[in-house]
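Numbering-wise (my numbering), the sequence shown opens with residue 749 and increments by one. The structure appears right after this line, and notes come after that.
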Amino acid sequence: MAEFVYPPVIGAALTVFRALDVRIKIVGAENIPAEGGAVLVSNHISYLDFLFAGLGAYKGGRRKTRFMAKDDVFKHGVSGPLMRGMKHIPVDRTDGQPAYEEAVKALKAGEVVGVFPEATISRSFMLKKFKTGAARMAADSGAPLLPVVLWGTQQLWTKGRPKTLTKRHVPVTIMIGEPIELAPGDKPVMVTRRLRAAMSEMLDKAQREYPGTPAGPEDSWWLPAHLGGTAPTLEVAEAAEEAEAAAKAERRAEK
């Protein structure tokens, strides 16, 4: 099914991006494995990241990425059929084991599986703590980790901001790093640290070389604080997320 659904979806996305003059730059396309399984690991700064990360793999090597995503997306009337048609993997957050097993099976079958190790969008636009799932999948399947960093996608649609899907001339950087091969006995925690360090360097490079600048002081929200923007620092953003999670838990307990 993915053979029939995936290319038209990518084509439709590219048509929209061209109409809006989204200036996509793919760096490191040569690092996309021509064949075999790979765990594509991307940072998460926008609701559209799966489109851009998947585009990088598709344009770079015609690889179709099966992203792991929360199962709510698969229940939506519009996104659900598309997600299922592209063979993405639904994740039940109360029991993620079936999704994990499906991802490992896909990797062993030679497919590319996409993972966002931060789990949720980073409001600081910097890397949050990584979960070890990607490293564990790579170890269990024998597939390499493929680090991918996105920058600029947060200007289009991100958490806590209104959609700006009609914003024109937005530069978007898709940076693909060298695959990280695991050695026998590598511990997932240490591999995850190595992965995060590599992606941190890539993100810094993507930010420094990014051609876009805020249109004015009111437009600096998408820039991290250390680059002169008004996005919250990583510490402030994490504190806000913890407070939100606690409030949600309290509301559930009251029901």
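Note that the Cβ used here is the ideal one computed from N, Cα and C, for glycine as well.
Asked, Found
"Local Cβ density within 10 Å of residue 999, reported as buried at 16 or more and exposed below that", "exposed"
"Residue 797 burial status per 10 Å Cβ neighbour count (16 or more: buried)", "buried"
"Three-state class that DSSP yields for residue 963 in the structure shown", "coil"
"Backbone CA spacing between residue 884 and residue 919 [nearest angstrom]", "34 angstroms"
"Beta-carbon contacts of residue 850 that lie in its chain and below 8 angstroms, excluding the five residues immediately before and after", "837"
"Beta carbon of residue 911 nearer than 9 angstroms to that of residue 903", "no"
"CA-to-CA distance, residue 900 to residue 872, given in whole angstroms", "13 angstroms"
"Distance between beta carbons of residue 852 and residue 786, contact taken as under 8 angstroms", "Residue 786 to residue 852, Cβ: 13 angstroms. No contact."
"Opposing strand residues paired with residue 861 [DSSP bridges]", "787 and 814"
"Sheet register partners of residue 895 (DSSP bridge)", "789"
"Residue burial classification, residue 944 (beta-carbon count within 10 angstroms, cutoff 16)", "buried"
"Residue span of the beta strand (DSSP E) that contains residue 950, given as start and end", "Not the beta strand (DSSP E): residue 950 falls in the alpha helix (DSSP H), residues 936-956."
"Cβ neighbour criterion (16 or more within 10 Å) applied to residue 995", "exposed"
"N- and C-terminal bounds of the alpha helix (DSSP H) containing residue 846", "845-856"
"For residue 949 and residue 755, the rounded distance between their alpha carbons", "32 angstroms"
"Assigned exposure category for residue 1040 - 16 Cβ within 10 Å defines buried", "Coverage of the chain is limited to positions 749 through 1003, which leaves residue 1040 absent and any answer about it impossible."
"Residue of 762, 1002 and 867 minimising C-alpha distance to residue 880", "867"
"Selection from 776, 955 and 864 that minimises the alpha carbon distance to residue 974", "955"
"Anticipated Cβ contact below 8 angstroms, residue 927 with residue 892, distance rounded", "4 angstroms"
"DSSP bridge partner residues for residue 921 (one or two, in chain order)", "773 and 899"
"For residue 826, the three-state DSSP class (helix, strand or coil)", "coil"
"Whole-angstrom distance between residue 840 and residue 1005, CA atom to CA atom", "The requested residue 1005 is not part of the displayed model; the chain covers only 749 to 1003."
"Under the three-state DSSP convention, the category residue 837 falls into", "strand"
"Residue 972 to residue 951 span [Cα, whole Å]", "12 angstroms"
"Helix, strand or coil at residue 928 [DSSP, three-state]", "strand"
"Among 878, 895, 990 and 935, nearest to residue 778 - alpha-carbon criterion", "895"
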